Amino acid sequence: MRPAPTAGVLHELVLPWYAEQQRDLPWRRPDRSPWGVLVSEVMLQQTPVARVLPVWERWMELWPAPADLAAASPGDAVREWGRLGYPRRALRLHAAATAIRDLHGGAVPDAEETLRTLPGVGDYTAAAVAAFAFGRRATVVDTNVRRVHARAVTGAALPAPSLTRAEVALATSLLPDDDAEAAVWHVAVMELGALVCTARAPRCGACPVATVCAWRLAGSPAHDGPPRRGQRWEGTDRQCRGRMVQLLREAPGPVEGERLRAVWPDEAQRDRCLDALVADGLVEPLEGDRYRLPV
DNA sequence: GAACCGTGGTC
DNA sequence: TGACCAAGGTT
Numbered sequence: 015m016r017p018a019p020t021a022g023v024l025h026e027l028v029l030p031w032y033a034e035q036q037r038d039l040p041w042r043r044p045d046r047s048p049w050g051v052l053v054s055e056v057m058l059q060q061t062p063v064a065r066v067l068p069v070w071e072r073w074m075e076l077w078p079a080p081a082d083l084a085a086a087s088p089g090d091a092v093r094e095w096g097r098l099g100y101p102r103r104a105l106r107l108h109a110a111a112t113a114i115r116d117l118h119g120g121a122v123p124d125a126e127e128t129l130r131t132l133p134g135v136g137d138y139t140a141a142a143v144a145a146f147a148f149g150r151r152a153t154v155v156d157t158n159v160r161r162v163h164a165r166a167v168t169g170a171a172l173p174a175p176s177l178t179r180a181e182v183a184l185a186t187s188l189l190p191d192d193d194a195e196a197a198v199w200h201v202a203v204m205e206l207g208a209l210v211c212t213a214r215a216p217r218c219g220a221c222p223v224a225t226v227c228a229w230r231l232a233g234s235p236a237h238d239g240p241p242r243r244g245q246r247w248e249g250t251d252r253q254c255r256g257r258m259v260q261l262l263r264e265a266p267g268p269v270e271g272e273r274l275r276a277v278w279p280d281e282a283q284r285d286r287c288l289d290a291l292v293a294d295g296l297v298e299p300l301e302g303d304r305y306r307l308p309v
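Mapping to the working numbering: the first sequence position 164 is 178, numbers consecutive.
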């Protein structure tokens, strides 16, 4: 087994590649705000770039600052979320905007620890905003970073099912000493994972790290860990909830309970989902068996 | 830690 | 064709 490539070697290979190959994404442009970065990071959670782009642009027009979103209704946030999926993210972004306005003087916090207190902001998003919006030396570990490190350094086809301390330690150890390089390092690795070192069919022929990649040098062994459990969809509560929220999103005003219940055949499941949506704050019940997005 | 939370594209 | 996957977070 060959030794894993050193941090220095990886930097020399990945950073020039990123300088050439990086995509021109609006939340990476010099004129974007920390708020724009935060919104992009939440939208990009489990959601492809191509689907996020138009919604992000629209949000920036409607709500260019946290206070603008905070002044809107949570239902507006859910409506403008469109079909990005996981609409609770829209709700949490609205709550985060309110917290930023009320607790942080209207400015997105620049400290990871403070960011982490915002609704919908976990370890990844806090580190990403600190690093990308404020140039902080944060350790950003997302699914792309984990996969690139698993292959190039550890020699495994795929990372473990859940993030380990060893992975975080590895990511931290690979952060360049130079601040300017560190500022682009994580996003460069993420870009490599998104464009080249992909989960299904990695394009090793186009990879700047291929010559030193531990996984390649080991003969690209197949994934030997536990099989990854795919989430079912047909007949799930999520499908039922999705239909109800879609109906409310596209309706001009309140919707009759009868119409809402018509989207799902199973009475017990339908009622359970509607109750859960109300409990989650995604749906607001009105007098007379009517419902709407929260105001 | 496992389960849950949407949606649509891909091979 | 359908399982897998996409810049995770919360409970």
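Cβ atoms here follow ideal geometry from the backbone N, Cα and C, with glycine treated the same way. Predicted model only: the values in this text are computed from it and were never measured.
- Between the segment 50-62 and the segment 132-145 there are three or more inter-stretch CB-CB distances shorter than 8 Å, so the stretches are counted as touching.
- Secondary structure of residue 305 (DSSP, three-state): strand.
- Unbroken alpha helix (DSSP H) stretches of 4 residues or longer found wholly inside the segment 124-200: 126-129, 137-148, 157-163, 179-188, given in chain order.
- Residue 55 sits in a helix when the DSSP states are folded into three classes.
- Judged by DSSP secondary structure, residue 300 falls outside any alpha helix (DSSP H) and instead within the beta strand (DSSP E) spanning 298-300.
- Counting of Cβ neighbours within 10 angstroms places residue 301 among the exposed residues, the total staying below 16.
- Residues 261, 262, 304, 305, 306 of the same chain have their beta carbon placed closer than 8 Å to that of residue 269, with the five preceding and five following residues left out of the count.
- Residue 256: member of the alpha helix (DSSP H) spanning 251-264, first to last residue.
- Following the DSSP letters along the chain, one finds residue 61 in no alpha helix (DSSP H), marked with neither H nor E.
- In the three-state reduction of the DSSP assignment, residue 223 falls in the coil class, being assigned neither a helical nor a strand state.
- According to DSSP, residue pairing for residue 270 in a beta bridge involves 304.
- Here residue 125 is exposed. Its C-beta has fewer than 16 other C-beta atoms within 10 Å.
- In the three-state reduction of the DSSP assignment, residue 283 falls in the helix class, which pools H, G and I.
- Residue 243 counts as exposed, since fewer than 16 other beta carbons sit within 10 angstroms of its beta carbon.
- Only residues of its own chain outside the window of five on either side were considered, and among them 52, 55, 56, 59, 129 have a CB closer than 8 Å to the CB of residue 139, listed in chain order.
- Taken atom to atom, the span from the alpha-carbon of residue 266 to that of residue 185 is near 48 Å.
- For residue 35, the enclosing alpha helix (DSSP H) starts and ends at 21-35.
- Residue 38 and residue 47 have their C-alpha atoms spaced approximately 16 Å apart.
- Our two residues, residue 210 and residue 79, have alpha carbons roughly 34 Å apart in a direct line.
- The beta carbons of residue 162 and residue 219 sit about 16 Å from each other, so the pair does not count as a contact at 8 Å.
- The alpha-carbon separation between residue 189 and residue 35 amounts to approximately 20 Å.
- For residue 92, the enclosing alpha helix (DSSP H) starts and ends at 88-95.
- Residue state for residue 108 is assigned as helix, using DSSP reduced to three classes.
- The Cβ-Cβ distance between residue 108 and residue 123 does not fall below 9 Å.
- By the neighbour-count criterion, in which 16 or more other beta carbons inside 10 Å mark a residue as buried, residue 194 falls on the exposed side.
- CA-to-CA, the gap between residue 247 and residue 255 works out to about 12 Å.
- Spatial neighbours of residue 77 in its own chain (CB-CB distance under 6 Å, excluding positions within 5 residues in sequence) are listed in chain order as 83.
- Contact annotation: residue 170 and residue 239 have beta-carbon atoms nearer than 9 Å.
- For residue 229, the enclosing alpha helix (DSSP H) stretches over residues 228-231.
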